[in-house]
Amino acid sequence: MTSSPKTSTFTNQKWILTKRPKDEFDPDRDVELKTEELDSKSCLDGNKDEQDLVLVKVEALSVDAFIRTMMDATAYHGSLDLENTLPALGYGTVVISKSKKFRVGQPVLGMLGAQTYARIPAKQLKRKFDLPLLPTSASLGLLSLTTGLTAYAGIFFVPSKGPRKGDTVVVTASAGAVGSIAAQLAKTTGAKVVGIAGNKNDYLLNELKLDGAVNYKDKSISLEDQLDEACPDGVDFVFDNVGGDTLDALLERIRPGGRIVICGAVSQYDSGSVNKVDGQTVQGPSNYLKLAERGAEMRGFNVMQHMHKMPIAMFFLFWYYVRGKVRMTEHIHNGIESFPKALKSLLNGGNTGKTLVKVKNM
1 MTSSPKTSTF
11 TNQKWILTKR
21 PKDEFDPDRD
31 VELKTEELDS
41 KSCLDGNKDE
51 QDLVLVKVEA
61 LSVDAFIRTM
71 MDATAYHGSL
81 DLENTLPALG
91 YGTVVISKSK
101 KFRVGQPVLG
111 MLGAQTYARI
121 PAKQLKRKFD
131 LPLLPTSASL
141 GLLSLTTGLT
151 AYAGIFFVPS
161 KGPRKGDTVV
171 VTASAGAVGS
181 IAAQLAKTTG
191 AKVVGIAGNK
201 NDYLLNELKL
211 DGAVNYKDKS
221 ISLEDQLDEA
231 CPDGVDFVFD
241 NVGGDTLDAL
251 LERIRPGGRI
261 VICGAVSQYD
271 SGSVNKVDGQ
281 TVQGPSNYLK
291 LAERGAEMRG
301 FNVMQHMHKM
311 PIAMFFLFWY
321 YVRGKVRMTE
331 HIHNGIESFP
341 KALKSLLNGG
351 NTGKTLVKVK
361 NM
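Residue numbers for the sequence shown follow UniProt numbering, so the first one is 1 and each next one is one higher.
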């Protein structure tokens, strides 16, 4: 006679969406931290379509602007249903597995959600491989789809011509995760690179080694005057993460044959001051005729459209990192309870580099 295996329980804490944000996201109003007990015998029980489940102990989570867009009723990235766990890319360790693909103790990467334990189909996970000379968190930053690979695609894959020596390049939100990498990649081409951020000039000039910095939060001088001082001959290439008035100011200064790459519009994601389009708050550019006047181009992109080129991007990001051409600053928040306020800080421009939440499991 054999005895039954001992049952283990896991305490999962997860952030769920309880209300659609009214204009701006409010961490104290729109989300709630819920606790649930997971039983090792039954937590992976599912229907016939859920027989390949894995329980992952979450170790770190990426905080990205797209999470805010999914809180609206309709959204470009897909809308999150109320009472569901906030989405988040993360990595962790397998603690229970019904899958032949993953064993207990194996490190994995995937859309784990803002929680301490993730019950997830094996097909939605990837093995996490740590490359030598890179920090273990590189899979959420430098080499992640939402950060480094997005930056690389926007600089080199999307425009008809990438930055080149002699160009003046402007990167908005250049102290953030994507923008900081995009700006450094542009520097590798020999171009003059100017970053726009809020009260981060020292970081842009001394840490990222950019050629110029514009502080959009400086009330003593307008954004336009700062741009004219930093880019007296106009702008050849723009990597835009913010949209709104900043994009309009850059359109006004785009040079003949200039290229503008639209990566995002973080200034619009959490604002109720403009019109709603497809559930999103979006202020369209009013200076778009400058594109026709100067024979310039403006292209938007989704990194998923360039998946076939990602091995190239990963190789060069690694190469530039080990050569000291690209660095990845991390803005770390500790504990799952910090997740919503970390997101709010990111939306308000309070982060420097990649925003991560290091999870403490119960």
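Note that CB positions come from ideal geometry on N, CA and C, so glycine has one too.
In the DSSP secondary-structure assignment, V169 is bridged to V193 and F237. Nearest to A213 by alpha-carbon distance, out of I221, L204 and N334, is L204. In the same chain as P27, and ignoring 5 residues on each side of it, the C-beta atoms closer than 7 Å to its own belong to P340, K341 and K344, in chain order. Judged by DSSP in its simplified three-state form, E36 adopts strand.
In the structure shown, R294 falls within a coil segment according to DSSP collapsed to helix, strand and coil. DSSP places E252 inside the alpha helix (DSSP H), whose first and last residues are G244 to E252. The three-state reading of DSSP puts T69 in helix, counting H, G and I together.
Around the beta carbon of W319, a 10 Å sphere encloses fewer than 16 other beta carbons of the protein chains shown; the residue is thus reported as exposed. Rounded to whole angstroms, K219 and N199 show a C-alpha spacing of 11 Å.
V58: member of the beta strand (DSSP E) spanning L53 to S62, first to last residue. Membership of M310 in the alpha helix (DSSP H) is indicated by the continuous run M310 to V322.
Excluding the 5 residues flanking it on each side, K192 has same chain C-beta neighbours closer than 6 Å at T168 and D211, in chain order.
By the Cβ test, the region 88-99 is in contact with the region 61-74, since at least three Cβ pairs between them sit closer than 8 Å. In this structure, the alpha-carbon of N348 lies about 19 Å from that of I262. Pairing S174 with K22, the inter-Cα distance amounts to about 28 Å.
DSSP places K344 outside any beta strand (DSSP E); the residue lies instead in the alpha helix (DSSP H), whose first and last residues are F339 to L347. Contact between D52 and P121 holds, with the beta-carbon distance rounding to 6 Å and staying under 8 Å.
According to DSSP, F10 shares a beta bridge with L38.
Sequence-distant partners of P256 (beyond 5 residues in either direction) whose C-beta falls short of 6 Å from its own C-beta, in its chain, are R294 and G295.
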